[in-house]
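A.B. asks: Plus 13 on top of the position in the sequence shown (first one is 1) and you've got the working numbering.
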Amino acid sequence: MKNPINVLLILLLSALSLAWIEYQAKPWKVPDKYVNLKNPYVNKTDAKFVGKTLYKVHCSSCHGKQGLGDGVKAKRLKSAVPNFSLQDFQKQKDGELYFKSFIGRDEMPNFEKKIPKEEDRWQLVNYMRTLKKE
Ligand code: HEC
């Protein structure tokens, strides 16, 4: 290869695609402190209404009405928006959903300021549980 710029470009492109692959497969490590959190509102059926309302306002634009990952903003994101109706999502503990929902990472926003009340947060977690396929 005559032009060293070509070599550089190829190296750069390979590094970028590797980084991209790693980004796509990035496991989401939830700290033990959160994994073991107890949901104090686990049996509150009135959670459904509040959870649903909060979900519509804050989450459905990306996650979609039924949580299928098909909200209007989803296509514009670099990360895949997960499907809440699947077993792999639903088998996680409440504390894991809590961490991912309110602390977030990358394109999944942090909601600690927008949803400050503990009860509201857990009601949202409860609502996500209703999105599983029967
Ligand atoms: C701007 C778009 C956007 C909004 C708004 C949004 N999310 Fe997300 N969410 C994402 C993306 C993208 C991911 C995947 C992030 C990743 O893997 O890095 C994600 C991931 C998640 C996950 C982890 C899913 C899994 O497979 O473990 C949960 C839980 C979640 N979101 C809950 C919520 C809740 C609850 C709300 C509303 C309070 C919300 N999200 C609002 C984009 C969004």
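We put the beta carbon where it would ideally sit given N, CA and C, even for glycine.
Predicted model, so just to flag it, every value in this text is computed and none were measured.
1. Is residue 81 a contact residue of the ligand HEC, with contact defined as CB to any heavy atom under 7 Å?
2. Assign residue 117 to one of two classes, buried (16 or more other C-beta atoms within 10 Å of its C-beta) or exposed (fewer than that).
3. Which residue wins for smallest C-alpha separation from residue 121, given the options 26, 87 and 70?
4. By how many angstroms is the C-alpha of residue 75 removed from the C-alpha of residue 94?
5. When you compare only the Cα positions, how much space is there between residue 77 and residue 71?
6. By a C-beta neighbour count over all protein chains shown, 10 Å radius and 16 as the cutoff for buried, is residue 135 buried or exposed?
7. Kindly indicate the opening and closing residues of the alpha helix (DSSP H) around residue 103.
C.D. replies: Result, derived from the coordinates:
1. In the sequence shown, counting from the first residue as 1, residue 81 sits at position 68. No - the ligand HEC has no heavy atom lying nearer than 7 Å to the Cβ of residue 81.
2. Along the sequence shown, read from residue 1 onward, the residue named residue 117 stands at position 104. That one is exposed.
3. Start at 1 with the first residue of the sequence shown, and residue 121 comes out as number 108. Closest option to residue 121, Cα to Cα, is 87.
4. Counted from its first residue, the sequence shown places residue 94 at position 81. Counted from its first residue, the sequence shown places residue 75 at position 62. Whole-angstrom Cα-Cα distance: 7 Å.
5. Looking up residue 77 in the sequence shown gives position 64. Looking up residue 71 in the sequence shown gives position 58. Cα to Cα, residue 77 sits roughly 11 Å from residue 71.
6. In the sequence shown, the residue the question calls residue 135 occupies position 122. Buried, because 16 or more other Cβ atoms sit within 10 Å of the Cβ of residue 135.
7. For the purposes of this step, residue 103 is taken as the residue at position 90 of the sequence shown. It spans 100-103 - the alpha helix (DSSP H) in which residue 103 sits, taken as one unbroken run.
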